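A.B. asks: Attaching a single structure in structure tokens format; questions to follow.
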Amino acid sequence: MKITEKDVRYVADLANLKLTDAEVGRLAKDLDEILTHMDALNELDTSNVEPMAQVLFEGEQTATLREDEERPCLTNEAAVAGAPLAGNGYYKVPKVIER
Amino acid sequence: MSALAGSVASLTIPQLRQGLEQRQFSAVELAQSTLEFAQAENPKTNAYLHFSPERALAAAERVDQKLAAREDPGPLAGVPIAVKDVIVTEGVRTTCGSRLLERYIPPYDATAVRRLEQAGGVILGKTNCDEFAMGSSNENSAFGPVRNPAALDRVPGGSSGGSAAAVAQGTAVVALGSDTGGSVRQPASFCGVVGVTPTYGRVSRYGLVAFASSLDHIGPFGRTVRDAALLLQTIAGRDECDATSAFAPVPDYVAQLDGKVAGLKIGLPREYFEGLASETGDLVMRGVDVLKKLGCEVREISLPATKYAVPCYYIIATAEASSNLARYDGVRYTTRANGDTLSEMYRATRGAGFGAECKRRIMLGTYVLSHGYYDAYYLKAQKVRALIAEDFRKAFAEVDAIVTPVSPSPAFKIGEKIDDPLEMYLSDIYTITGDLAGIPCMSVPCGKTAAGLPVGMQILTRHFDETGMFRLADAFEKAGGFTG
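Same order as they appear, the protein sequences are chains A and B.
Counting with our numbering, you get residues 39 to 137 for the letters of the first sequence.
Counting with our numbering, you get residues 58 to 541 for the letters of the second sequence.
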């Protein structure tokens, strides 16, 4: 076993996911199987390989820089229009600071 | 316009252009009749999630005005297009196949969408897909699976199953999909249409809802290589809204479909032909014979890191996804579940909103990035990715193109693999390598099984050599007679 139900609950906590007990059981089984399959990578010696952190980029170092000029952007109204709860131009969430 | 209704099922972009120029129909008539046809046919496959008639008719109206004024209406004038529902459209609902975005109306257009309309394209609606593009069968959509037009009890492939099905069904002439591990090519192969994954960065990702940012591509579907090439030409090119979009100039792909493929060196990687379902293998080998008859020089090559591609991909893709999907937390996007604290609200929203496959991938991605596992999984996978890219670099010193199957088997039955995630992941074996290396690749139809199921042949070429890929695919299509 690479992963237990306890591990699943810990990772779900990191991922901000509320899971049912049935989901925890199913995920422990699935993740264990998938992670075991992933062990195949250890067959490869990669000690002298540079990680591929960027796919490709053929421009000059500074090619994506531009003049700092003002441009129209999304309005505040449009930006919050899709929110489940907003007011006065802000997103609203449950209270996070106790006074 | 009853004479036009349904006929779009067999028309190509050049034929539509001719009809418009000869005034056989107007762009508005074409849009109306296609919308009627698509809405009537859609219940068979569930390919479209929603239609955008107002936007389509406004775009068609602009084309008619330009035609009347004898102005250039653009290369895609009047062409009815379907867009995968992971690509945002201003004012038109974009759900990503997820309950979490069921009511989301984006405030802006993706660059690809904007370019399509600037070229005269008419967007009919948004197509069904696996939730957040995660899946190989389209069964992970919150709004029901798509059925394959070639066999309604079978999957269309995924994740861009709706776009592939719409083009195959004739409810759109061309479509946009997205490909992270094969999500354009595999459904193209299952549905019998052309599907293209361009070089990474060739098409701007601005407005493509992010799944795995180092692997995500927008790619076109068409019923002919020429139509798909024209669509790519329209949307490709540098976009300052996407820092990873490429500066390389966009060639005229269509002008170079000249059939000059004699003498090209084609590599068949032996790792891709081991353990292949026999009928699929036979069809692909018959396709290879067509290439030989065209004068191509075929040789066996080896891409030794291939067997590590599936674990490598599912580490990198899920790691990036776990980060990208963190934004769906009940604050900005339409759907929120109740919770007394902020943290409980996040958890409840995400727990209720994401489907099983998204949860599985978020969990896997969070696990491989978590403390103590980063080096063993994520860093290791990035190194293996470099080896896979290096395999291709070496191969392309010897050959001009690589030809492989797209998928180990043709379209499977709906429900057949849904309970076995690992088996589903393994079916991506031949498509994910192209995404990991960032090279252009495509699926072109190469015949049907005895049961009538389409099979695709994959062509891969060097970075930014879409021109060579399209030239070979076009010559193959014309010689093989597999489409139309």
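By construction, the Cβ of each residue, glycine as well, lies at the ideal position given by its N, Cα and C atoms.
All values derive from a computational prediction rather than experimental measurement.
Check the DSSP bridge columns for residue 278(B) and list the partner residues they point to.
C.D. replies: According to DSSP, residue 278(B) bridges with 232(B), 252(B).
A.B. asks: Within its chain, find whatever has a CB closer than 6 Å to the CB of residue 232(B); leave out the 5 residues flanking it on each side and keep chain order.
C.D. replies: 139, 220, 223, 224, 278
A.B. asks: Expressed to the nearest angstrom, what Euclidean distance is found between the alpha-carbon atoms of residue 44(A) and residue 62(A)?
C.D. replies: 9 Å
A.B. asks: At the level of alpha carbons, what is the spacing between residue 59(B) and residue 93(B)?
C.D. replies: Per-residue confidence for residue 59(B) stands at a pLDDT of 45, beneath the threshold of 50, marking its modelled position as unreliable; the derived number appears in the next sentence. Distance between the alpha carbons of residue 59(B) and residue 93(B) is about 10 Å.
A.B. asks: Tell me where the beta strand (DSSP E) around residue 356(B) begins and ends.
C.D. replies: For residue 356(B), the enclosing beta strand (DSSP E) starts and ends at 354-358.
A.B. asks: Hey, does residue 135(A) have any beta-carbon neighbour from chain B nearer than 7 Å?
C.D. replies: no
A.B. asks: Taking 7 Å as the CB-CB limit, is residue 87(B) close to chain A?
C.D. replies: no
A.B. asks: Would residue 129(A) count as contacting chain B if we go by Cβ distances under 7 Å?
C.D. replies: Residue 129(A) counts as touching chain B.
A.B. asks: Rounded to the nearest angstrom, what separates residue 121(B) and residue 93(A) at their Cα positions?
C.D. replies: 42 Å
A.B. asks: Going straight from the alpha carbon of residue 172(B) to that of residue 292(B), what length do you get?
C.D. replies: A direct Cα-to-Cα measurement between residue 172(B) and residue 292(B) gives close to 6 Å.
A.B. asks: Would you check if the distance between the CB atom of residue 408(B) and the CB atom of residue 375(B) is smaller than 7 Å?
C.D. replies: no
A.B. asks: Have a look at 399(B), 432(B), 380(B) and flag the residue whose alpha-carbon is nearest the alpha-carbon of residue 419(B).
C.D. replies: The candidate whose alpha carbon is nearest that of residue 419(B) is 380(B).
A.B. asks: Can residue 161(B) and residue 127(A) be called in contact, C-beta distance under 7 Å?
C.D. replies: no
A.B. asks: Taking DSSP as the reference, what is the three-state secondary structure of residue 496(B)?
C.D. replies: coil
A.B. asks: Ordered along the chain, which non-local residues of its own chain (more than five positions away) have a Cβ less than 8 Å from that of residue 435(B)?
C.D. replies: 372, 373, 376, 425, 426
A.B. asks: Would you say residue 266(B) reaches chain A, if we count a Cβ-Cβ gap shorter than 7 Å as a contact?
C.D. replies: no
A.B. asks: What residues in the stretch 384-400 of chain B have a beta carbon less than 8 Å from any beta carbon of chain A?
C.D. replies: 386, 387, 388, 389, 390, 391, 392, 393, 396, 397, 398, 399, 400
A.B. asks: Decide if the stretch 491-502 of chain B is in contact with the stretch 519-527 of chain B; the criterion is three or more beta carbon pairs, one per stretch, under 8 Å apart.
C.D. replies: They touch, by the three-pair rule.
A.B. asks: Using the beta-carbon count (16 or more within 10 Å), is residue 257(B) buried or exposed?
C.D. replies: Label assigned to residue 257(B): buried.
A.B. asks: Does the distance from the CB of residue 249(B) to the CB of residue 215(B) come in under 7 Å?
C.D. replies: no
A.B. asks: Buried or exposed for residue 205(B), going by 16 or more other Cβ atoms inside 10 Å?
C.D. replies: buried
A.B. asks: Alpha carbon to alpha carbon, how far is residue 433(B) from residue 441(B)?
C.D. replies: Distance from the CA of residue 433(B) to the CA of residue 441(B), rounded to the nearest whole angstrom, comes to 12 Å.
A.B. asks: Determine which residues share a DSSP beta bridge with residue 515(B) and list them.
C.D. replies: Answer is 461(B), 500(B), bridged to residue 515(B).
A.B. asks: Grouping DSSP H, G and I as helix and E and B as strand, with all else coil, what is residue 467(B)?
C.D. replies: Under the three-state reduction of DSSP, residue 467(B) is assigned to coil, being neither helix nor strand.
A.B. asks: Grab me the residues of residue 296(B)'s own chain with a C-beta within less than 7 Å of its C-beta, minus the 5 sequence neighbours each way, in chain order.
C.D. replies: 168, 261, 263, 302
A.B. asks: Leaving out five residues on either side along the sequence, give the residues of the same chain with a beta carbon under 6 Å from the beta carbon of residue 178(B).
C.D. replies: So the list reads 133, 136, 138, once near-sequence residues are dropped.
A.B. asks: How is the beta strand (DSSP E) around residue 140(B) delimited, first residue to last?
C.D. replies: 137-141
A.B. asks: Can you give the Cα-Cα distance for residue 402(B) and residue 132(A), rounded to whole angstroms?
C.D. replies: 8 Å
A.B. asks: Sort out for me which residues DSSP pairs residue 144(B) with in a bridge.
C.D. replies: 265(B)
A.B. asks: Assuming residue 143(B) contacts residue 166(B) under a Cβ cut-off of 8 Å, what Cβ separation, rounded to an integer in Å, is found between them?
C.D. replies: With 8 Å as the limit, residue 143(B) and residue 166(B) do not qualify as a contact, their Cβ atoms being about 14 Å apart.
A.B. asks: Can residue 338(B) and residue 456(B) be called in contact, C-beta distance under 7 Å?
C.D. replies: no
A.B. asks: Taking only the alpha-carbon atoms, compute the straight-line gap between residue 196(B) and residue 185(B) and give it to the nearest angstrom.
C.D. replies: 10 Å
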